[in-house]
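One structure below.
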Amino acid sequence: MEYLNQFSFLIGPLVVISVSFFVGYFFDKIYGRVVLANFKDGDRNPTTFKFIGHIARAIIYLTGFGMAINMIPQLKSVATSMFASAGILAVAIGFASQNAFANIVSGIFIVIFKPFKVNDRIVFRDTMIGIVEDINLRHTIIRNFENRRIIIPNSVLNNEVIVNADIKEPKICRIINLGISYDSDIDLAKSIIVEEVLNHKYYFDNRTVADIQNGVPEVLVRVVAWADSAITLRVWVWAEDSIIGFAMECDLLESIKKRFDREGVEIPYPHRTIVQKGSV
Numbered sequence: 119m120e121y122l123n124q125f126s127f128l129i130g131p132l133v134v135i136s137v138s139f140f141v142g143y144f145f146d147k148i149y150g151r152v153v154l155a156n157f158k159d160g161d162r163n164p165t166t167f168k169f170i171g172h173i174a175r176a177i178i179y180l181t182g183f184g185m186a187i188n189m190i191p192q193l194k195s196v197a198t199s200m201f202a203s204a205g206i207l208a209v210a211i212g213f214a215s216q217n218a219f220a221n222i223v224s225g226i227f228i229v230i231f232k233p234f235k236v237n238d239r240i241v242f243r244d245t246m247i248g249i250v251e252d253i254n255l256r257h258t259i260i261r262n263f264e265n266r267r268i269i270i271p272n273s274v275l276n277n278e279v280i281v282n283a284d285i286k287e288p289k290i291c292r293i294i295n296l297g298i299s300y301d302s303d304i305d306l307a308k309s310i311i312v313e314e315v316l317n318h319k320y321y322f323d324n325r326t327v328a329d330i331q332n333g334v335p336e337v338l339v340r341v342v343a344w345a346d347s348a349i350t351l352r353v354w355v356w357a358e359d360s361i362i363g364f365a366m367e368c369d370l371l372e373s374i375k376k377r378f379d380r381e382g383v384e385i386p387y388p389h390r391t392i393v394q395k396g397s398v
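Just so it is clear: in the sequence shown, position 146 is 264 by the numbering used here, and no numbers are missing.
In structure tokens form, the structure reads like this:
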């Protein structure tokens with residue numbers, strides 16, 4: 119009994135910590151069900167509300183731990199004895215936590231200025247591509263197209279160049295280069311490309327009314343280069359978003375190749391002309 123009395127002072131703090139965890143857990147459930155559920159239709163973006171939820175949950179936990187520490191007399195006396203060196207301690211804590219504060223501040227800046235939002239498709243450092251899944255107090259979580267999570271500190275993202283496919287509008291122009299041999303009919307090749315693009319189910323006409331009145335072609339195909347073994351044709355194809363655009367480009371590469379084969383448009387291999395001078 120005496121043994122239990124020695125540690126009775128811990129009961130209150132443990133209860134407070136347990137309550138704070140329960141409050142945080144139920145806050146997550148209620149907040150997710152009442153607030154974030156309204157964003158499932160996709161018409162509004164949940165970035166700000168998700169970030170507010172992370173801040174509120176952090177406040178709940180910090181308040182609980184602070185109250186628990188305040189209830190332990192021994193920690194109060196330790197804090198009092200260390201008060202004389204509080205300045206040194208503050209500097210040490212500042213250096214130790216500067217990265218954490220940088221991530222928090224960067225997360226706030228990201229939420230306020232919105233270079234990207236939850237559900238945006240972004241490219242980071244040219245190799246990391248995916249959909250923003252969450253922005254919390256320390257990290258941004260990106261789900262790539264292999265369903266892997268890329269976790270990046272907010273301060274890193276805040277100082278990098280980001281390519282955002284959805285920041286203003288999701289539509290995208292896919293630029294496709296195709297090479298044909300010098301012996302092939304350029305007009306025939308261009309007409310095949312235009313027909314295949316117009317017949318694709320994902321294609322849409324991006325021309326304005328002024329473009330239509332001025333006779334801008336619906337699908338633009340141009341000769342852009344005379345390469346070593348081929349004439350390079352370039353076609354600009356519009357799609358509703360980057361995912362659809364990628365699928366559309368893959369389909370067109372296949373269908374155009376099949377049409378070229380059927381109608382005699384050659385896609386050449388590299389050629390070399392060897393000239394032998396004199397005799398051995």
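For each residue, glycine too, the CB sits at the ideal point set by N, CA and C.
For the options GLY363, VAL279 and ILE304, the alpha carbon positioned closest to that of ILE294 is the one of GLY363.
Taking every protein chain shown into account, the CB of PHE231 has fewer than 16 other CB atoms within 10 angstroms, so this residue is exposed.
By alpha-carbon distance to LEU316, the top candidate from SER299, LEU351, TRP344 and GLU367 is GLU367. DSSP, reduced to helix, strand and coil, places HIS257 within a strand of the structure shown. With respect to the C-alpha of ARG239, the residue from ASP359, ALA365, LYS395 and VAL383 having the closest C-alpha is ASP359. Collapsing the DSSP output to three states places ILE362 in a helix.
For the pair ILE374 and ILE304, the CB atoms are not nearer than the 7 Å cut-off. In this structure VAL134 is in contact with ALA186, their Cβ atoms being roughly 5 Å apart against a cut-off of 8 Å.
Taking 4 residues as the minimum length, the alpha helix (DSSP H) runs contained wholly in the stretch 327–355 are 327–331, in order along the chain.
A direct Cα-to-Cα measurement between ASP323 and SER224 gives close to 40 Å. ASN237 and ILE249 do touch by the CB rule: their CB atoms are close to 6 Å apart, below 8 Å.
DSSP places ARG239 within a strand segment (E or B) once states are collapsed to three. Scanning LYS235, PHE169 and ASN272 for the CA closest to the CA of GLN216 turns up ASN272. For ASN277, the closest of MET246, ALA220 and ILE170 by C-alpha to C-alpha distance is ALA220. Within a 10 Å sphere around the beta-carbon of GLY182 sit 16 or more other beta-carbons, which makes this residue buried.
LEU275 counts as buried, since no fewer than 16 other beta carbons sit within 10 angstroms of its beta carbon.
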